[in-house]
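According to numbering that gives the first Met the number 0, the residues represented by the sequence shown are 0 to 294, in order.
Report on one structure; see the data block that follows.
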Amino acid sequence: MSYRFATIIGLCAIVFWAAIVGLLRQVTDSFGPILGVCLIYSLSSFILLILFKPPKLHLFPKVYLIWGSILFVAYELCLSLSLAFAQNNQQAVEVSILNYLWPSLTVLLLILTQEQKFHPLVIVGILLTLFGIIQVQVGNGEFSLNQLIQNIALNPISYALASMGAFIWAAYCTLTKKIGDGQNAIALFFCLTAVALWLKYVWMGDFQVPELHLQSFVYLAISAAAFGLGYAAWNIGILHGNIQLLTAASYFTPIISSFIAMQLLDLELSWAFWQGAALVTLGSFLCWWSTRTAS
0 MSYRFATIIG LCAIVFWAAI VGLLRQVTDS FGPILGVCLI YSLSSFILLI LFKPPKLHLF
60 PKVYLIWGSI LFVAYELCLS LSLAFAQNNQ QAVEVSILNY LWPSLTVLLL ILTQEQKFHP
120 LVIVGILLTL FGIIQVQVGN GEFSLNQLIQ NIALNPISYA LASMGAFIWA AYCTLTKKIG
180 DGQNAIALFF CLTAVALWLK YVWMGDFQVP ELHLQSFVYL AISAAAFGLG YAAWNIGILH
240 GNIQLLTAAS YFTPIISSFI AMQLLDLELS WAFWQGAALV TLGSFLCWWS TRTAS
């Protein structure tokens, strides 16, 4: 496989992942919050097992398997349920921006664990990311702490899950870099996430399924493929393509994701939202750039 073609495939992974917010909302609107997410992760697990084959557990460090599984499953639960429990599509897109706090937090954790040298750009990046998230949540008009609190209070569960997810994923990335030993257990982690979701679904006991249409199953299949093929394409890209370009491009996911969600969910996002998303993107990019400058 050529260097350029592998890079293009890696860039496709970013588009697949960026589409997840809009696709997941389409599925959960049809199947319900919990069942919809269960079905997505189950089908995604099946795709990943085909693409990567069942993992050979004896090749993985035990500490990584234990903590990696816990953190990955916890993150995926937080991310998917935060979007599924959003009160409307607009709120789902706003909540999703909170997830992109993780790149800045990852760099911060790497510095705290002495895996990365400190650079002043990190502070600038983190502040820009926080300002961007606040801008998205406040919307048009001047900043007001009461307005921010009231907006979050409309659906504290979704916002809390999204915030927790960002911290958990940052911890997962830091752990993977430290003790992952270069292994890829994504198929195993997805299967565990699917099992956890099905247990939650059975525990809740809400088995009522709304009237379904062909379009519901089409979105379900596309969503599962976006997850599975996204990880597969990214794996090809980082192994055989331009990893620096792919890493830099991945930090523009908030803007790409919001644009795709706007099309899929028929939304009109305000100028204030795009300003906030741009600040989050710039903040994340600066944090990443600081790691290159300080290394």
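Glycine included, C-beta positions come from ideal geometry on N, C-alpha and C.
| Asked | Found |
| --- | --- |
| Quick test of the definition: if touching needs 3 or more C-beta pairs under 8 Å, does the segment 96–103 touch the segment 228–247? | no |
| Give the C-beta separation of Ile254 and Ala277 to the nearest angstrom, bearing in mind that I take them to be a contact with Cβ-Cβ under 8 Å. | 7 Å |
| Mind checking Phe4: buried by the 16 CB within 10 Å criterion, or exposed? | exposed |
| Once you ignore the five residues that flank Ile235 on each side, which residues in its own chain have a CB closer than 6 Å to its CB? | Ala5, Ile8 |
| Between Ala223 and Phe59, how many whole angstroms is the CB-CB distance? I'm expecting something under 8 Å. | Between Phe59 and Ala223 the Cβ distance is about 25 Å, and since that is not below 8 Å, they are no contact. |
| Tell whether a beta-carbon distance below 9 Å holds between Tyr74 and Trp168. | yes |
| Could you pull the start and end residues of the alpha helix (DSSP H) that Ala73 belongs to? | 61–83 |
| What are the boundary residues of the alpha helix (DSSP H) that includes Leu34? | 32–51 |
| Exposed or buried, what is Trp270 when buried is set at 16 or more other beta-carbons lying within 10 Å of its beta-carbon? | exposed |
| Quick check: Asn88 and Leu219, are their CB atoms within less than 9 Å of each other? | no |
| Output needed for Thr173: all residues of its chain with C-beta closer than 8 Å, excluding positions within five of it in sequence on either side, in chain order. | Thr105, Leu108, Leu109, Thr112, Glu114 |
| Suppose only complete runs of 3+ residues qualify. What are the beta strand (DSSP E) ranges in the segment 168–250, listed by chain order? | none |
| For Gln86, which three-state DSSP category applies? | coil |
| Tell me whether the beta-carbon of Pro119 lies closer than 9 Å to the beta-carbon of Ser289. | yes |
| Are the beta-carbon atoms belonging to Ala225 and Ile19 less than 9 Å from one another? | yes |
| In the DSSP assignment, find the alpha helix (DSSP H) that holds Pro102 and state where it starts and stops. | 101–111 |
| Taking Gln136 as the reference, give the member of Phe166, Ser95, Ser44, Tyr200 with the closest Cα. | Ser95 |
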